[in-house]
Amino acid sequence: MSELNKKLTLHLDVSDFLPADEEEKQSLVIMRESVSFWRDGLRRFRKNKIAMTSLVVVILILLFAFVAPYFYPYSYEQQIRGSENLAPMQYSETELARIEAGEKVFPHILGTDSLGRDIMIRLMIGSRISLIVGIVASALILVIGSIYGTIAGYFGGKVDLVMMRIVDIIYTVPDILIIILLMVTLKFPLQDLAYNNPNFAWINKLGVGLICIFIVFALLYWVGMARIVRGQILSLKEMEYITAARALGASHSRIIRKHLLTNVMGTLIVTTTLQIPSSIFTESFLSFIGIGVAAPMPSLGSMASDAIDGIYSYPYRLMAPAIMISLIILSFNLLGDGLRDAFDPKLKN
Amino acid sequence: MARYIAKRVILSIFTLWLVATITFFLMFMVPGGPFLSEKTPSKATLEALNKRYGLDQPVIVQYKNYMINFLKGEYGESLKQRGRTVEDIISSGFKVSARVGGLAVAVALCIGVPLGCIAALNRGKWLDNTIIVIATCGIAVPSFVVSTVLMIIFSVKLNWLPTYGLTSWKHYVMPVMALSFYPTAYISRLMRSSMLEVLGQDYMRTAKAKGLSQFWILFKHALRNAILPIVTYLGPLLAYTLTGSFVVEKIFTIPGLGNEFISSIINRDYTMIMGTTIFLAALLIILNLLVDIAYKIIDPRIKFK
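Right, here's the structure in full:
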């Protein structure tokens, strides 16, 4: 009764007009704590079991390729005399004699090849080469493609037209043909440079084959990245916040760096991750047909190619590089898919 | 439409010219020559040979001569396989590559498309999951791995199939399987996702509401729309079966075009390098162009620009 009375009277209660205290304010806020793009993506990524597993596998492969060789007693070019063509875990006669004498001999876990080189360490170094190719080539493609695509998309008009025509032409060039030709052509001038000019001696350290692969990939494969980035930039630059930034007097480079590139970051990461397996794929193919990484440096492709010669007697030798390369490509593919599911705003629901 | 095609054709011709020019100058940058490899000939013989094939002239003049002869339809003689013209070698090599590659594409389509449909129609069930797992693993395995594993199983262990040559149907089994492995996996993934997208569309419900039979809904409405992405993939796929055949041809020692191309580069057989490059590039460019045009004809929603 008293409630009703209170409402009907014209008497004003002062307490109703006091500013709300913190507690009351909090109870009125319906929004949850704002989640940044990265946190949100990361949360989705962590929930994805396949993606997390592939991330773990990728880390294990990286450890296997970059850390494990330091703890392994053999080296990839070391030819152990008397230990040629050993089966996995087999010891040669001299090694058996050494064991008899009480010495400790590290086993050849995957056996040795026809030159007496330990296959396990070659597998590690081969995986390292594949990973270096995949990661460095993708990084080059990322840098070239994103800069090119951003400039084309941002400035638009005639600039865009000319730049994208060039991309169209490179896109239609049959890649494998030009790669094979370039690989053969670049090899000799690079070798020349490495031997005759002391400033370029580092070329030999990395291997001419690897440098050739980087140059070739950087020349041909950035176009896909450029197209994707350009498409994103084209739609992003019409957004209100870009107009606002321009109205505030931001320079072109600031808009590109601070506003546009940060917004295409998700796409860039996903495309780069998916570029890694495809670069590894191409490298192994080139090494397999004998124009990739040069001997004695092992590559998974050239190891598989060597194994074919002895396929009737030692079929198991093929399995190690074959499984390794498939595992690397598979895990990077799944990781890339997982990242896309997590960071692509279009797939949010 | 005519304008679009004309524009694409002009761009294609320009690309082809660019590839030919790049190849020509790259080729001459590689040290060594076609007559140096085996036993070094005497200086006089070398000069005579160079003169005969016009290799004594400056590269620019040779380039001009080659282009003029090319437009006349004369592709020259192979510098290594004496007495055989480039056309001759290319056509015999291409017949082999096209047979293996064509069969591989057919196999990939015949297996990949149904697998993708089955997976989409059984979404979330064990059949779908099995197909996804197989297809995901399938695109991670390079063709040289598939070829060699097939070889170990069917030739080394079981001794059923021959490992080299191409004389009977038995010789085709492994190369075609190896070549079609990756595209089959890729097509089934592509088909599954596009089929799922189509199945969720409103017109599918309309078709069902009209009382159409399940069969007609699937074939007339779903499949026709879902197959579009596969058509776009056909261009790269044909390119893949031709270029992927480098590896398969090497492993199974098939006398195809891929093998010819690699050996011509290693031998510095200038006329053959030019011939095969231009031929393969033209083939790939034309295929891509045809696929793009076909795509626009099948899908009327796409406008010509």
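Chains as they are written, first to last, in the working numbering: chain H, 22 to 370; chain U, 5 to 309.
All residues carry an ideal CB built from backbone N, CA and C; glycine is no exception.
Source: prediction; values computed, not measured.
From the DSSP output, in three-state form, read off residue i for me.
{"i": "E259 of chain H", "result": "coil"}
{"i": "D139 of chain H", "result": "strand"}
{"i": "E78 of chain U", "result": "coil"}
{"i": "T210 of chain U", "result": "helix"}
{"i": "T167 of chain U", "result": "coil"}
{"i": "T245 of chain U", "result": "helix"}
{"i": "T257 of chain U", "result": "coil"}
Answer yes or no: does any C-beta atom of chain U fall closer than 8 angstroms to that of residue i?
{"i": "P109 of chain H", "result": "no"}
{"i": "A325 of chain H", "result": "yes"}
{"i": "A215 of chain H", "result": "no"}
{"i": "V205 of chain H", "result": "yes"}
{"i": "V154 of chain H", "result": "no"}
{"i": "M22 of chain H", "result": "Unreliable placement is indicated for M22 of chain H, whose pLDDT of 48 sits below 50; no coordinate value is reported for it."}
{"i": "A247 of chain H", "result": "no"}
{"i": "D189 of chain H", "result": "yes"}
{"i": "Y333 of chain H", "result": "yes"}
{"i": "V194 of chain H", "result": "yes"}
{"i": "F85 of chain H", "result": "no"}
{"i": "A363 of chain H", "result": "no"}
{"i": "F221 of chain H", "result": "no"}
{"i": "K369 of chain H", "result": "Caution applies to K369 of chain H, whose pLDDT of 48 falls short of 50 and renders its modelled position unreliable; the model cannot decide the point."}
{"i": "F209 of chain H", "result": "yes"}
Ignore the nearest five residues each way along the sequence and tell me which others in residue i's own chain have a CB closer than 6 angstroms to its CB.
{"i": "L242 of chain U", "result": "L291"}
{"i": "G270 of chain H", "result": "none"}
{"i": "T293 of chain H", "result": "S159 and L163"}
{"i": "T27 of chain U", "result": "T281"}
{"i": "A108 of chain U", "result": "V180, L183, S184 and T245"}
{"i": "F353 of chain H", "result": "I297 and P298"}
{"i": "M204 of chain H", "result": "C233 and I312"}
Hey, is residue i's beta-carbon within less than 8 angstroms of any beta-carbon in chain H?
{"i": "L18 of chain U", "result": "Reading the sequence as shown, one finds Phe at residue 18 of chain U and not Leu. Yes, F18 of chain U lies at the interface with chain H (some Cβ there is under 8 angstroms from its Cβ)."}
{"i": "M155 of chain U", "result": "yes"}
{"i": "K254 of chain U", "result": "yes"}
{"i": "A285 of chain U", "result": "yes"}
{"i": "V90 of chain U", "result": "no"}
{"i": "A110 of chain U", "result": "no"}
{"i": "I191 of chain U", "result": "no"}
{"i": "P146 of chain U", "result": "yes"}
{"i": "M33 of chain U", "result": "yes"}
{"i": "T152 of chain U", "result": "yes"}
For residue i, collect the residues of the same chain with a Cβ closer than 7 angstroms to its Cβ; drop the 5 residues on either side in sequence, then sort them by chain order.
{"i": "I350 of chain H", "result": "P298, I301 and F302"}
{"i": "L161 of chain H", "result": "F235, F238 and A239"}
{"i": "F364 of chain H", "result": "G62, G287, I290 and V291"}
{"i": "I187 of chain H", "result": "none"}
{"i": "L355 of chain H", "result": "I71, A72 and S75"}
{"i": "Y168 of chain U", "result": "F256 and T257"}
{"i": "L343 of chain U", "result": "Summary: the structure shown does not reach residue 343 of chain U, with chain U confined to residues 5 through 309, and so no result is reported for it."}
{"i": "N284 of chain H", "result": "L257"}
{"i": "V100 of chain U", "result": "L170, I258, P259 and G260"}
Given the structure, does residue i come close to the ligand SAM, in the sense that its CB is under 7 angstroms from one of the ligand's heavy atoms?
{"i": "S96 of chain H", "result": "The model on display carries no ligand, and the ligand SAM is accordingly not part of it."}
Note down, in chain order, each residue of its chain lying with its Cβ closer than 8 angstroms to the Cβ of residue i, except the 5 sequence neighbours on either side.
{"i": "L211 of chain H", "result": "I224, V229, I232 and C233"}
{"i": "S326 of chain H", "result": "S308, F309, I310 and G311"}
Legend entry - Contacting positions in the stretch 176-188 of chain U - beta carbon closer than 7 angstroms to chain H: For the stretch 176-188 of chain U, there are no residues whose beta carbon sits under 7 angstroms from a beta carbon of chain H.
Legend entry - 4-residue-minimum alpha helix (DSSP H) runs that sit fully inside the stretch 86-123 of chain H, ordered along the chain: Segments of the alpha helix (DSSP H) lying fully in the stretch 86-123 of chain H: 114-121.
Legend entry - Members of the stretch 290-311 of chain H near chain U, C-beta cut-off 8 angstroms: When CB distances to chain U are screened at a threshold of 8 angstroms, the residues of the stretch 290-311 of chain H falling below it are P298, F302, S305, F306, F309 and I310, in chain order.
Inset, instruction - Please name the residues in the stretch 20-31 of chain U whose beta-carbon is closer than 8 angstroms to at least one beta-carbon of chain H, in chain order. - result: Correct list: L22, V23, I26, T27, L30 and M31.
Legend entry - Every unbroken alpha helix (DSSP H) within the stretch 163-225 of chain H, with a cutoff of 4 residues, ordered by chain: Here the runs fully enclosed are 178-193 and 196-217.
Legend entry - Cβ-based contacts, 7 angstroms cut-off: residues of the stretch 270-303 of chain U near chain H: Result list: T281, L284, A285, L288, I289 and N292.
Inset, instruction - Pull out every residue of the stretch 210-222 of chain U whose Cβ sits closer than 9 angstroms to any Cβ of chain H, in chain order. - result: Cβ contacts with chain H: none found.
Inset, instruction - With 7 angstroms as the limit, tell me which residues of the stretch 340-354 of chain H have their beta carbon closer than that to any beta carbon of chain U; keep them in chain order. - result: Going along the stretch 340-354 of chain H in chain order, one finds A343, I346, S347, I350, L351 and N354 with a Cβ nearer than 7 angstroms to chain U.
Legend entry - Ordered list of alpha helix (DSSP H) runs contained in the stretch 125-164 of chain U, each at least 4 residues: You should have 130-142 and 147-154.
Legend entry - Residues within the stretch 158-171 of chain U neighbouring chain H, beta-carbon criterion of under 9 angstroms: Along the stretch 158-171 of chain U, the positions whose C-beta sits under 9 angstroms from a C-beta of chain H are S159, V160, K161 and T167, read in chain order.
Inset, instruction - Taking only beta carbons into account, state which residues of the stretch 263-292 of chain H come closer than 9 angstroms to chain U, listed in chain order. - result: Result list empty, no residue passes.
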